[in-house]
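Engineer: Going down the list, the sequences are from chains A and B.
Per this note's numbering, residue 11 is the first one in the first sequence, and the count goes up by one each step.
Per this note's numbering, residue 29 is the first one in the second sequence, and the count goes up by one each step.
Okay, here's the structure, questions in a sec.
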Amino acid sequence: MTVDEVSTGSTGTAPVELVTLTIDDVEVSVPKGTLVIRAAELIGTEIPRFCDHPLLDPVGACRQCLVEITDAGNGRGFPKPQASCTIEVAAGMVVKTQVTSPVAEKAQRGNMEFLLINHPLDCPVCDKGGECPLQNQSMTHGQGETRFTEVKRTFPKPIKVSEQVLLDRERCVLCARCTRFSEQIAGDPFIALVERGSQQQVGIYEEEPFNSYFSGNTIQICPVGALTSADYRFRARPFDLVSTPSIAEHDSSGSAIRVDHRRGRVMRRLAGDDPEVNEEWITDKDRFAFSYATAGDRITTPLVRNPETEQLEPASWPAALAVAAKGLAAAEGKVGVLPGGRLTSEDAFAYSKFARTVLRTNDIDFRARAHSEEEAQFLASRVATTSLDVTFGDLEKASTVVLVGLEPEDENGSIFLRLRKASRSGVKVVAIASHATRGLRKMNGELVQTVPGQEPVALAALELGQDAIFLAGERLASVPGGFSALVAAADKAKARIAWVPRRAGERGAIEAGCLPDLLPGGRPLDDVEARTDLAAAWGVRTVPARRGRNTTEIFEDTRLGTVHALLIGGVEITDLPDPAAARRALAKAEFIVSLEVRESEVTEVADVVLPVAPVVEKPGSFVNWEGRVRTFDAVLHEPNSLTDIRILAGLAEELGQPLGFRTVAQARAAMVELGPWDGARVPVPTVGPDTTAAPKRAVVLDTWRLMIDDGRGQDGQLELKATARPAVLRASAATLKAFDVDPGGMATLSTDAGIVSFPTEVAELPDGVVWAPANSGASLRAALGVGYADHVTLSSGSTDGQVTA
Amino acid sequence: MTDTLTPVLSADWGTDRAWTLKAYKQAGGYSALETALKMAPDDVIAMVKDSGLRGRGGAGFPTGMKWSFIPQDNPKPKYLVVNADESEPGTCKDIPLMMATPHTLIEGVIIAAHAIRAKTAFIYVRGEVLHVVRRLRAAAREAKEAGYLGTDILGSGIDVELIIHAGAGAYICGEETALLDSLEGRRGQPRLRPPFPAVEGLYASPTVVNNVESIASVPSIVKNGIDWFGSMGTEKSKGYTLYSLSGHVARPGQYEAPLGITLRELLDLGGGMRPGSELKFWTPGGSSTPILTAEHLDIPLDYEGVGAAGSMLGTKALQVFDQTTSVVRCVLRWTEFYKHESCGKCTPCREGTWWLVQTLQRLDEGQGKDGDIELLLDLCENILGRSFCALGDGATSPITSAIQHFRSEFESGLHTPSRELFPPAASTLFAPQTVGGK
């Protein structure tokens, strides 16, 4: 029996050196370095274990996995039973597990008994009951009756490890999985084992709370019910739950998750096990932020604005679709389509086809954030239809990973964890950024200190060896020349580039053709062959050839009256590069159709509001940053909850130009049939850097969204939000001094649009640069109308009556 | 074999202010260092290896061999760590030695550091013995001022820094890897091996961890030669050592004698049992070593002899108990100690000691249940060899050996409290000498 690949997530192609040993009289060959406990799994023997976890370093603490090793491979056996989770296989080794060794069997049974003497056995009220490794393994490897009649150890219960994570110490078997995860994987060693002997327990240092973005993973890997989440504690029993695999929607990682629901209600989410993507970990946001779909402001019926009262009133689907179709038809193709960045690929494809075949416009742009023509060109030339050029696994094999315009810990936690793992095995992480963040330090990363906006200079100066990878965040779109310099630097170093957007739907929207000048499958709009190919596939005579408007232009021309109507698919106005301009445009638009899940600023001005299904209620797929298609089925089947596809198909039919599909499956089939473009690509952008002088008495703003912030996707999750990082403004001591701000005191950022205050923290930023969170306490876009690399005015003190973070 | 005392380490304990550099030098101190510094490091290692010196901390591993395991091609710094975390119940040899003649240890440290090419050495002292810490620090200061520590020692070009580190009071930190964790500033818990300290010890660098007495024995070997050292002791257990006699003995104390002496001889030297008392049981090397009885009075107290009798030489802490002592109560006290000192890392030791104590308490109270003795033996079987480090093993030794030799006393625990069978007051040293059983 030979097994080449152990489940470690490695996708290496290097030849594997095999070692042959005997376990329970069965000869097995496994890769060198395999632990005995995992080699045994390969012959179908499960050795009981608690502390062992394949993604954590061995510790050998729980002693549950003891086996007899009668020959260590050198002709001599071990006199005592050995912990199979700490011993690597050796050629000629002879192992006897509980299956063939009475010694091992007794050692395991005895250890299980020890584990249970101080365990409360409160399984009937314990959240873990029914899915508990201790419960299960005590059934398989323990004894039915206890011999322990004495006094059990008790603790007051529970204690808060954080607002989100609760600890029942008497249930804990002290396996140290949680503490090892926090230290080894997340790099947040805020929990540790304290005290000794029978008083040993998981503890925190009160002044350093367990505010880790990955804390929920400790709950999931806890082999007993010691760690529970405030969110799920006492809410359900595992055997009452229905588990549905799905894909996380809060970032572009495409992390596998498992959604557990009961009677149509999501009770919790867990990390799925996908070695190639998120391994077994997810961020706390992906784990806990799911109640937004039931937050109370969900739109449940179509709404149509009554022209007389100017109020939205519930309407039937046929009536609402008729009104919407009529309004869109009246705009005679002068419709801007803004599908947003959170759609599934199939939904995005429906928008693209709807815009180009029904509305006959190329005025479609999924980007509800800072964007540029240069970015669109970069996406068309280097991102669209590239698939798995750079993968999670590749990050572990690169020599250097350069981060530009990306803070993985906040913006893509799965990339952060993978990079941290990579850095532990020698991959160099380099960040082109204004300062070394905690995340960068945890990756042992190197900072190329750069003033926001000066990335082109930093990129041009970069010297890299072979096998480097660039990870570019969407923020780079705010920097003129940024993507051009990125492509030049990568080409110079023969390095690969991966583009990492924040939102789950952005990458799929590119493939679906939700950019004005990029048709589905990466077909360039300007390429007549590509247009013809698409028209043929779609069964239309032509697709429009006129260059489309991007998001900014759509709003601008709506305000000017050249765009008459808007079709909006769930766009937060405060996410837009210029919320004030967008509001003026919305006020000016003649007709607005909004497809959205929850009430928003757009709802307030829409003429027709068509409720769509949230991710949990629809099937679909996200294309993650790797270009990996992550397909999922609906978790909850709500007959009244319609996908964007179904609604757009209805609208199209009402407008007399059917889309040709009504369901996700049909849309997916149409996408597959269409396939990617194999013709010439758009050339790469060659935009020079911005050379306009900075305004006087202004500072450059560095900003991004913290993982846990005021985003609406986290609504309804108070415990999660309580673990957010504090909103502080960071600047160098010299910068603070130059603007008369007390270090640690309050500082104010202002623009013509408004004013925001933050407490300050001295950090090693370049002089003249400040960092502030984009949406923690106050939205910088909403309050100041600014974003990354913009100029703001810094002054001291807070501003009573104004927005304060 | 000789039956006389051979005071080497303890030879000068009686000298006035023996702990000062002046007194130590008057007794010929630091002359071995001068010899050793002129020797090549490998020659020092070979000398200690050839002398047959075995580790005095309990396990008896050959000291010179341990030094030779240090990979000298490893570019990382090498460290010498002296384990002075003496906390085993009954063991009391290192602390008097460090109190009386700390320079013996420091001289040994410098020689050992030279041998393994360590520029930094640590003495990890048990936290409770503040007076010893102070005395060691004073001695290290004196040695440094005299040029025995620091850079270019005695013009040899050899540098050794010595750091006296006080532990925080945990028995587990006597376990060498837990000691290293503690020394690094972490909570003391044993580490997974491999890697062994010789390869990745302190700060993941090659490290030798030796007991105080082992290191303190080195200067005498350098000074007097391996033949002198080998003239004492037995074939496989060479040299002299400190035997710590305690308990119901007329004159308890440190008896420095060649390895292989018997308890009968030591008791003679110590004036015999206290008046009116007879030997009931004893530990050869602290509470972790299985107890022995009067029938073992003539076994040679060396590594092989005690091992053959089913126990271990351990730290040569001979605790002697007379007929007034309740074995059950004594074993309960020891077990309470192990429960208190279990670090908590592994299940068998943490939970097993918790259970053992409660079962022994019941027997001590005369409220034992049928099957309790079998339960104790079974629990010990489930701990011994199953725990992460030797602490768990040590916790079972007194129980299994006590049941082996005194099973009937445990059986009495099913109905009669130990305080009735063995009134505690009679065991005290100040008890009237008309003790029961006479």
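Built from N, CA and C at the ideal position, the CB exists for glycine as well.
1. Strictly under 7 Å for the Cβ-Cβ distance: is Asn221(A) near chain B by that measure?
2. Hey, which unbroken runs of the alpha helix (DSSP H) at 4 residues or more fall wholly within the stretch 340-384 of chain B?
3. Residues of the stretch 74-97 of chain A with a CB closer than 9 Å to any CB of chain B: list them in chain order, please.
4. How many angstroms separate the CA atom of Asp406(B) from the CA atom of Leu76(A)?
5. What residue range is occupied by the uninterrupted alpha helix (DSSP H) comprising Ile73(B)?
6. What is the DSSP secondary structure of Asn785(A), reduced to helix, strand or coil?
7. Indicate whether Thr107(A) and Pro68(A) have their beta-carbon atoms separated by less than 7 Å.
8. Could you confirm whether any beta carbon from chain B is found closer than 7 Å to the beta carbon of Glu160(A)?
9. At the 7 Å Cβ level, is Cys72(A) part of the contact set with chain B, yes or no?
10. Count the other CB atoms, across all protein chains shown, that sit within 10 Å of the CB of Pro166(A); report buried if there are 16 or more and exposed otherwise.
11. Compile a chain-ordered list of the residues in the stretch 201-217 of chain A whose CB is closer than 9 Å to at least one CB of chain B.
12. Using three-state DSSP, classify Met277(A) as helix, strand or coil.
13. Verify the CB distance criterion: does Ala360(A) have a CB-CB separation below 7 Å to chain B?
14. So is Asp113(B) buried or exposed if we call it buried at 16+ other beta carbons inside 10 Å?
15. Based on the DSSP secondary-structure assignment, which residues constitute the bridge partners of Asn238(B)?
16. Using a beta-carbon distance below 7 Å, is Gly120(A) in contact with chain B?
17. So which residues on chain B does Val69(A) lean against when the C-beta distance must stay under 7 Å?
18. Name the DSSP bridge partner or partners of Gly281(B)?
19. What would DSSP say about Asp209(B), mapped onto helix, strand or coil?
20. Can you list the residues of chain A that Lys373(B) reaches, using a CB-CB cut of under 7 Å?
21. Closest to Ala365(A) by C-alpha separation, out of Leu348(A), His381(A), Tyr215(A), would be which residue?
22. So if I threshold CB-CB distances at 7 Å, which residues from the stretch 101-133 of chain A count as touching chain B?
23. Pull up the distance between the alpha-carbon of Arg361(B) and that of Ala454(B), whole angstroms please.
24. Mind pulling the chain A residues with CB within less than 9 Å of Gln410(B)?
25. Would DSSP call Ala236(A) helix, strand or coil?
26. Does any residue of chain A have a CB that is nearer than 7 Å to the CB of Gly380(B)?
27. Closest to Ala337(B) by CA distance: which of Gly178(B), Gln432(B), Leu412(B) is it?
28. Between the alpha carbons of Pro90(B) and Ile139(B), how many angstroms are there, rounded?
29. May I ask you to report which of helix, strand or coil DSSP gives Leu412(B)?
30. Compare the C-beta of Thr30(B) against all C-beta atoms of chain A and say whether one is closer than 7 Å.
31. Considering only residues of the same chain and omitting the five flanking positions on each side of Thr43(B), which have a CB-CB separation below 7 Å?
32. Throw me the rounded Cβ distance for the Val603(A) and Leu577(A) pair, which I believe falls under 8 Å.
33. As a quick exercise: from Leu307(B), Ile200(B), Ser316(B), pick the residue whose alpha carbon is nearest that of Ala322(B).
34. Establish whether the CB of Arg414(B) and some CB of chain A are separated by less than 7 Å.
35. Look up Val497(A) in the DSSP assignment and give the residues it is bridged to.
Structural biologist: Inspection of the coordinates gives the following:
1. Output row for Asn221(A): interface = no.
2. 355-369
3. Gln74, Leu76, Pro89, Lys90, Pro91, Ala93, Thr96
4. 17 Å
5. 69-79
6. In this structure, Asn785(A) counts as strand in the three-state DSSP scheme.
7. no
8. yes
9. The Cβ of Cys72(A) sits closer than 7 Å to at least one Cβ of chain B.
10. exposed
11. Ala202, Leu203, Val204, Glu205, Arg206, Gly207, Ser208, Gln209, Gln210, Gln211
12. Strand, per DSSP.
13. no
14. buried
15. Val110(B)
16. yes
17. Near Val69(A) (Cβ distances below 7 Å), the residues of chain B are Leu220.
18. Leu273(B)
19. helix
20. Ala71
21. Leu348(A)
22. Ala117, Gly120, Asn121, Phe124, Leu125, Ile127, Asn128
23. 17 Å
24. The residue you asked about is not Gln; residue 410(B) is Asn in the sequence shown. Neighbours of Asn410(B) on chain A, chain order: Lys116, Ala117, Arg119, Gly120, Asn121, Glu123, Phe124.
25. coil
26. So yes, Gly380(B) belongs to the interface.
27. Gln432(B)
28. In this structure, the CA atom of Pro90(B) is about 17 Å from the CA atom of Ile139(B).
29. coil
30. The predicted position of Thr30(B) is uncertain, since its pLDDT is 45 and thus under 50; a value taken from the coordinates is nonetheless stated next. Chain A, which has no Cβ nearer than 7 Å to the Cβ of Thr30(B), makes this no.
31. For Thr43(B), where only same-chain residues beyond five positions count, the Cβ hits under 7 Å are Ala51, Ala55.
32. 5 Å
33. If you compare the alpha carbons of Leu307(B), Ile200(B), Ser316(B) with that of Ala322(B), the shortest gap goes to Leu307(B).
34. yes
35. Partner(s): none; Val497(A) has no beta bridge.
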